[in-house]
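At position 58 of the sequence shown (counting the first as 1) the number is 101 in my numbering, and the numbers step up by one without a gap. Here a beta-carbon is modelled for each residue, glycine too, at the ideal position from N, C-alpha and C. The structure appears right after this line, and notes come after that.
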Amino acid sequence: MRDTMRAAAKKTFASLAAAVAALGCVIAVGQPAAADGKWCNNSVCIETYDSGTYLGRVEVSVVNTNQPNRISARVWTTNGWSANTKVEDVAAFRTYRDQAYPQRHFPAGTRLCAEGFRGGASVGLPCVTITD
Numbered sequence: 044m045r046d047t048m049r050a051a052a053k054k055t056f057a058s059l060a061a062a063v064a065a066l067g068c069v070i071a072v073g074q075p076a077a078a079d080g081k082w083c084n085n086s087v088c089i090e091t092y093d094s095g096t097y098l099g100r101v102e103v104s105v106v107n108t109n110q111p112n113r114i115s116a117r118v119w120t121t122n123g124w125s126a127n128t129k130v131e132d133v134a135a136f137r138t139y140r141d142q143a144y145p146q147r148h149f150p151a152g153t154r155l156c157a158e159g160f161r162g163g164a165s166v167g168l169p170c171v172t173i174t175d
């Protein structure tokens with residue numbers, strides 16, 4: 044009986060590890076941002092308005108559910124820049140929007156990410172690679 048439970052636990056752990064690895068690959072690959080554009084993941088989108096390696100403004104939007112919620116977001120790059128957006132109480136079925144202003148050039152290959160929070164829980168993490 045104990046061996047059966049151990050084998051089942053190993054299979055469960057292996058399945059979970061494979062799922063986490065697959066999710067990591069999806070997040071790590073992302074889309075390149077050679078120009079302005081919009082990238083989404085679950086309920087969160089980031090939108091850039093500048094081309095090349097310069098980012099002047101980044102907009103973050105978080106889609107709300109059928110209940111009022113407290114919503115916020117965090118925007119960052121892999122080379123150390125980050126900003127928290129405002130915290131806002133949003134009515135049901137509303138979309139939260141806020142901007143972050145990096146106003147600088149980033150090295151090509153830098154990742155830009157935004158994580159949205161609804162009621163304190165993460166609801167999406169879109170990332171994009173900045174290219175020339």
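Nearest to Trp124 by alpha carbon, out of Val130, Pro150, Asp132 and Gln110?
Looking at Val130, Pro150, Asp132 and Gln110, the one whose alpha-carbon comes closest to that of Trp124 is Pro150.
Kindly indicate which three-state DSSP category Lys129 falls into: helix, strand or coil?
coil
Coil, strand or helix - Asp141 by DSSP
strand
Which of helix, strand or coil does DSSP assign to Phe136?
In this structure, Phe136 counts as coil in the three-state DSSP scheme.
With a threshold of 6 Å on Cβ separation, who are the neighbours of Ala143 within its own chain once the five nearest residues in sequence on each side are excluded?
Val101, Val118 and Ala126
How about Ile114 and Val171: do their beta carbons lie closer than 8 Å?
no
Verify whether the separation of the beta carbon atoms of Thr91 and His148 is less than 8 Å.
Going by C-beta atoms, Thr91 is not nearer than 8 Å to His148.
Quick check on this structure: which residue in Ala135, Thr128 and Asn109 has the alpha carbon closest to the alpha carbon of Gly159?
Answer by Cα proximity: Thr128.
When you compare only the Cα positions, how much space is there between Ile173 and Val105?
About 22 Å.
Let me confirm a value: Gly167 is counted as buried when at least 16 other C-beta atoms fall within 10 Å, else exposed. Which label applies?
buried
Residue of Asn122, Pro145 and Asn112 minimising C-alpha distance to Glu131:
Asn112
Is the beta carbon of Leu98 closer than 8 Å to that of Pro169?
no
Whose C-alpha, out of Ala157, Ala164, Asp175 and Gly163, is nearest the C-alpha of Asn84?
Ala157
On the DSSP bridge list, what partners appear for Ser165?
Under DSSP, Ser165 takes part in a beta bridge, and its partners are Phe160.
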